[in-house]
Amino acid sequence: MRAAVFHAPHAPLALEEAPEPRCGERDILIQVAACGLCHSDLHYIDHGVKTFKAPPLILGHEASGVVVEVGAAARDFKVGDRVLIPPIIPCNTCRSCRSGRANVCERLQMFGNDVDGAFAQYVAAPAAECFHLPEEIPLVEASVISDAVTTPFHGVRNRARVQAGETVAIFGCGGVGLNAVQVAALLGAIVIAVDISPEKLEWARRFGAVEAINPRDVPDVPRAIRRLTGGGADVAVEAIGRPQTQEQAFSSLRGGGRLLLMGFSAESMALNAGRTTYREIEVIGTLGCRPVDFPAVIELVRRGKLQVVPLVTGRFALSEINAGLDALRSGQGIRNVVLPQER
Ligand SMILES: [Zn+2]
Ligand SMILES: [Zn+2]
Numbered sequence: 004m005r006a007a008v009f010h011a012p013h014a015p016l017a018l019e020e021a022p023e024p025r026c027g028e029r030d031i032l033i034q035v036a037a038c039g040l041c042h043s044d045l046h047y048i049d050h051g052v053k054t055f056k057a058p059p060l061i062l063g064h065e066a067s068g069v070v071v072e073v074g075a076a077a078r079d080f081k082v083g084d085r086v087l088i089p090p091i092i093p094c095n096t097c098r099s100c101r102s103g104r105a106n107v108c109e110r111l112q113m114f115g116n117d118v119d120g121a122f123a124q125y126v127a128a129p130a131a132e133c134f135h136l137p138e139e140i141p142l143v144e145a146s147v148i149s150d151a152v153t154t155p156f157h158g159v160r161n162r163a164r165v166q167a168g169e170t171v172a173i174f175g176c177g178g179v180g181l182n183a184v185q186v187a188a189l190l191g192a193i194v195i196a197v198d199i200s201p202e203k204l205e206w207a208r209r210f211g212a213v214e215a216i217n218p219r220d221v222p223d224v225p226r227a228i229r230r231l232t233g234g235g236a237d238v239a240v241e242a243i244g245r246p247q248t249q250e251q252a253f254s255s256l257r258g259g260g261r262l263l264l265m266g267f268s269a270e271s272m273a274l275n276a277g278r279t280t281y282r283e284i285e286v287i288g289t290l291g292c293r294p295v296d297f298p299a300v301i302e303l304v305r306r307g308k309l310q311v312v313p314l315v316t317g318r319f320a321l322s323e324i325n326a327g328l329d330a331l332r333s334g335q336g337i338r339n340v341v342l343p344q345e346r
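The following block contains the structure:
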């Protein structure tokens, strides 16, 4: 099969013939329809973040496709079924998994990190961890649900516990941030979007933001948010992963506010402990999404309450994957996807 293979950081992915993955007893083999290009991929390629399986490795962890083979002991799927593959496979037995937090499984396996991913024509996945996709959701666009929609769903709803009527400031309106906007709006929040791109702010308005702030025009963003909200936002979501914006998000909060750290950063952030104490600020981490929430997200998309079709702004054949990664690097579009069946 054709695959885009990661060999070493600071080099383009190599287009190669790779062996088709073996469909284990409990697995389904999936012909990949689309796989999202994600900043996680750039962490390995550009920033030297190590993958858990040493290269060569097929990256790609946000995929949808069609079942082409079903393992002897795999249940609930048949050949021809449309399927969503989650980014991670939890162990289901560790303390995190057993306490209902499989998204922070102590032995989680991530596609395109611990095991080969979906920048390839085929990928094998445990049937028990995959999700059926209804006919109403177009297969290519459905790939976006896997990470870019479910991650903010879990973060905004489960972790930040956003309530109707609360003000939520979202810093960074890329693929993940924009979906934080639409999830928060769906939950009834009053959403303030912050981004340096006028285009992304326009999208944020389309996805339900009622205010948009461009830091290039507004020198003191936290102050602007405190003014707009009469004292500060109830929740601030940082969806970029930069210490500077993390601190801005923190400073935008009212007393009792919650800071949700959704963007990944390996750096430390400065946090005023006194203010955290005196204002009872909650600092909350979030990672991925619990498997139990995937069916609800898929149903919200099927019912049109969450949108995925307008999110896919770039489509790249497998041979164009490095151009797709460039588009991601330059912040072009909302979500760029690779179509591995196209040469
Ligand atoms: Zn991702
Ligand atoms: Zn586990």
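In our numbering, the protein residues as written are 4 to 346.
Quick reminder that beta carbons are idealized off the backbone N, C-alpha and C, glycines included.
Query: For Val186, three-class secondary structure by DSSP; Result: helix
Query: Residue environment, Ser255, which counts as buried when at least 16 other CB atoms sit within 10 Å; Result: buried
Query: Local Cβ density within 10 Å of Thr280, reported as buried at 16 or more and exposed below that; Result: exposed
Query: Whether Pro90 touches Asp150 by CB criterion (8 Å); Result: yes
Query: Near ligand 1: Ser2 beta-carbon under 7 Å from a heavy atom; Result: Any property of residue 2 remains undetermined from this structure, which presents the chain solely from 4 to 346.
Query: Own chain partners of Asp30 with C-beta closer than 7 Å, once the 5 adjacent residues on each side are dropped; Result: Gly74, Ala77, Ala127, Ala128, Pro129, Ala130
Query: Beta strand (DSSP E) runs wholly inside the stretch 46 to 79, at least 3 long, in chain order; Result: 66 to 73
Query: Short Cβ contact (8 Å threshold) for Asn106 with Arg261; Result: no
Query: When Ala167, Ile199, Glu202, Ala212 are compared against Ala183, the one with the closest alpha-carbon; Result: Ala212
Query: Under 8 Å between C-beta atoms of Glu214 and Leu231; Result: yes
Query: Straight-line gap, Cys100 to Glu109 (C-alpha atoms, nearest Å); Result: 8 Å
Query: Check: Cys94 C-beta below 7 Å from any heavy atom of ligand 2; Result: yes
Query: N- and C-terminal bounds of the beta strand (DSSP E) containing Val238; Result: 236 to 241
Query: 8 Å contact criterion, which Leu342 and Val143 should meet: CB distance rounded; Result: 7 Å
Query: Cα-Cα separation, Arg208 to Asp117; Result: 37 Å
Query: Presumed contact (8 Å Cβ cut-off) between Leu40 and Val86, rounded CB distance; Result: About 20 Å separates the two Cβ atoms, so there is no contact after all.
Query: Within 8 Å, strictly: CB atoms of Gly175 and Glu241; Result: yes
Query: Cutoff 7 Å; reference Met113; Cβ partners in own chain excluding five residues on either side; Result: His64, Pro90, Ile91
Query: Residues near Lys81 by beta carbon distance below 8 Å, same chain, minus five either side; Result: Val70, Val73
Query: Proximity winner among Cys97, Cys133, Asp49, Val238, relative to Asp79 (alpha-carbon distances); Result: Cys133
Query: Identity of the residues DSSP links to Tyr125 by a beta bridge; Result: Gln34
Query: Assumed close pair Arg160, Val194 - CB separation to whole angstroms, cut-off 8 Å; Result: So it is not a contact: roughly 14 Å between Cβ atoms.
Query: Segment contact, 8 Å Cβ cut-off, at least three pairs: the stretch 51 to 62 with the stretch 7 to 16; Result: yes
Query: With 16 other Cβ atoms within 10 Å as the buried cut-off, status of Ala227; Result: buried
Query: For Gln112, the residue or residues it bridges with in DSSP; Result: Ile92
Query: Short Cβ contact (8 Å threshold) for Cys38 with Ser200; Result: no
Query: DSSP three-state assignment for Val179, whether helix, strand or coil; Result: helix
Query: Residue from Val286, Gly266, Ser268, Met265 with nearest C-alpha to Asn275; Result: Val286
Query: Alpha-carbon to alpha-carbon, Gln124 and Val35; Result: 5 Å
Query: Cβ-heavy atom distance, Cys97 to ligand 2, below 7 Å; Result: yes
Query: One or two residues paired with Ile195 in a DSSP bridge; Result: Ala172, Glu214
Query: Simplified DSSP state of Gly334, which is helix, strand or coil; Result: coil
Query: Beta-carbon contacts of Phe267 that lie in its chain and below 6 Å, excluding the five residues immediately before and after; Result: Gly244
Query: Nearest-angstrom Cα separation, counted from Lys53 out to His42; Result: 14 Å
Query: His46 versus Asp296 - alpha carbon distance; Result: 26 Å
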